[in-house]
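Visitor:
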Amino acid sequence: MPAISASAPGKVILFGEHAVVYGQPAIAVPVHQVAARAVISPMIKAATGKIHINAPQVGVDADLARLSQNDPLAAAVRGALEALHIQEPPAFKLRVTSTIPLAAGLGSGAAVSVAIVRAVSAFLGRAFSEEQVSALAFEVEKLHHGTPSGIDNTVITYAKPVYFVKGEPNQTFLVGKPFTLLIADTGIPSPTRVAVGDVRSIWEKQPDRYDKIFAGIGDIVRKARSAIESGANESLGQLMEENHALLQQLDVSSPELDKLVGAAKAAGAQGAKLSGGGRGGNTIALANGNLEVVEQALLSAGAKGVIQTQVQ
Ligand code: PMV
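Residue numbers for the sequence shown, in this note's numbering: 37 to 348.
1) Regarding Pro197 and ligand 1, is the C-beta to nearest heavy atom distance less than 6 Å?
2) The alpha helix (DSSP H) spanning Gly273 covers which residue range?
3) Evaluate the contact criterion for the stretch 136-155 versus the stretch 168-176: three or more CB pairs, one atom per stretch, below 8 Å.
4) Could you please give me the residues that DSSP links to Thr208 through a beta bridge?
5) What do you reckon, is the C-beta of Gly312 under 6 Å from a heavy atom of ligand 2?
6) Whole-angstrom Cβ separation of Leu218 and Val342, contact assumed at under 8 Å?
7) What are the uninterrupted segments assigned as beta strand (DSSP E) that are 3 or more residues long and contained completely in the stretch 60-144, given in chain order?
8) Could you compute how far the alpha carbon of Ile49 sits from the alpha carbon of Ile63?
9) Within the continuous alpha helix (DSSP H) that includes Gln346, where are the two ends?
10) Look at the Cβ atom of Ala55, then the Cβ atom of Ile238, and state whether they are nearer than 7 Å.
11) Could you check how far apart the C-beta atoms of Gly307 and Gln346 are, in whole angstroms? I think they sit under 8 Å.
12) Any idea if Leu142 is buried or exposed, counting beta-carbon neighbours within 10 angstroms, 16 or more meaning buried?
13) Which value, in whole angstroms, describes the spacing of the CA atoms of Gln285 and Asp97?
14) Can you find the residues in the same chain that come closer than 8 Å, C-beta to C-beta, to Ser104, ignoring five residues on each side of it along the sequence?
15) Our contact map puts Leu296 next to Ala220 with C-beta atoms below 8 Å; I'd like the distance itself, whole angstroms only.
16) From Arg315, Leu117, Val150, Gly85, pick the residue whose C-alpha is nearest to that of Lys47; which is it?
17) When DSSP labels each residue in this structure, what does Ser41 get in the three-state scheme?
18) Can you tell which of Asn206, Thr190, Gly325 has the C-alpha that lies nearest to the C-alpha of Pro66?
19) Per the DSSP calculation, Thr319 is bridged to which residue(s)?
20) Can you tell me the Cα-Cα spacing of Leu283 and Ser289, whole angstroms?
21) In terms of residue numbering, what span does the alpha helix (DSSP H) encompassing Thr183 cover?
22) Helix, strand or coil for Phe164 per DSSP?
23) Does at least one heavy atom of ligand 1 sit under 6 Å from the Cβ of Ile253?
24) Who are the Cβ neighbours of Leu160 in its own chain at under 7 Å, not counting the five residues just before and after it?
25) Could you tell me which residues DSSP puts in a beta bridge with Val56?
26) From the DSSP output, which residues share a beta bridge with Val288?
27) Taking 8 Å as the limit between beta carbons, can you name the residues of its chain near Asp247, skipping five residues before and five after?
28) Using beta-carbon positions only, say whether Glu53 and Gly312 come within less than 7 Å of one another.
29) Kindly give me the distance between the Cβ atoms of Ala112 and Val176, rounded to whole angstroms, as I take these residues to be in contact under 8 Å.
30) Helix, strand or coil for Lys47? Go by DSSP, reduced to three states.
31) Can you list, in chain order, the residues of its chain whose CB lies under 7 Å from that of Arg162, leaving out five sequence neighbours each side?
32) Is the beta carbon of Asn269 closer than 7 Å to that of Lys213?
33) Exposed or buried, what is Gln60 when buried is set at 16 or more other beta-carbons lying within 10 Å of its beta-carbon?
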């Protein structure tokens, strides 16, 4: 049996994070400049059923049997094996690597799960459908996020722009005119679970107030979808500004995120906002035409790295 390799891209949320957990739509796109990779090699001499996982970036180097039920890498492998009804696979070693920054809103957890699920199923000669891959990755997302909407596993599995509504069938959509985003990293890791939990606490105290904010974000997302589909990219900047302001009202922005958003705007970006769970992680800026200037401004304002990606 030869070694098998599978990979999955990162992602950014363009519009609608947090509100998507409460039933509003959100738009996310894949980021192909970063990726997670899973490589499986057979261990010819080892006993059937033995599985070793090596993921140096997260300090895992252990047999599957020794990893807890809550370990996300182990959960992805176990989920794939269960779905295939295989208890004792031929022995294999799984190596997981990723260029997606951790806890940065770029979908690192979901990408790792998607890559693992695909590699395991390919190694065993029983490829899953995209729907099955996404569903298995969603189960692992629950360990990372608590109450995930499912947007990360969806956009990363399909690797296309998605218009996502929790619990509804996946809708990919066409981009009328490509545009470029600058993704700027604050360098501050921010577990999504914490931000999502904090939003839930304030919503529980004042549901009417926060439901209005979520509905406002939903309106922005619907307008953004029409603009993207019809190629009216010039209206996206304003929509990003409005979405960022509502995220500030949810208290998921931070001085560092606001600084990057302000710097991008001051340097001529059409719009900018935080992307993903917030508090730390990344901002996105729309900067067609003046990319170099905006990128420099982001780095001067403290960005630890900037990724350029085209949405198409
Ligand atoms: O994984 P992140 O940080 O991009 O956050 C996911 C987006 C949230 O809406 C905040 C949570 C969710 O499950 O949709």
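Cβ atoms here follow ideal geometry from the backbone N, Cα and C, with glycine treated the same way.
Guide: With the given structure in hand:
1) no
2) 272-285
3) yes
4) Val198
5) Only ligand 1 can be found as ligands here, which leaves ligand 2 out of the picture.
6) 6 Å
7) 62-78, 87-91, 96-99, 128-134
8) 6 Å
9) Per DSSP, Gln346 belongs to no alpha helix (DSSP H); it is in the beta strand (DSSP E), 341-347.
10) no
11) Not confirmed; about 17 Å, so no contact.
12) buried
13) 42 Å
14) Ala110
15) 5 Å
16) Val150
17) strand
18) Thr190
19) Ala220, Leu310
20) 7 Å
21) No alpha helix (DSSP H) holds Thr183; DSSP gives it neither H nor E.
22) coil
23) no
24) Leu120, Ile122, Pro125
25) In the DSSP output, where bridge partners are listed per residue, Val56 has none listed.
26) Answer by DSSP bridge pairing: none, since Val288 is not bridged.
27) Tyr58, Trp239
28) yes
29) 5 Å
30) strand
31) Leu120
32) yes
33) buried
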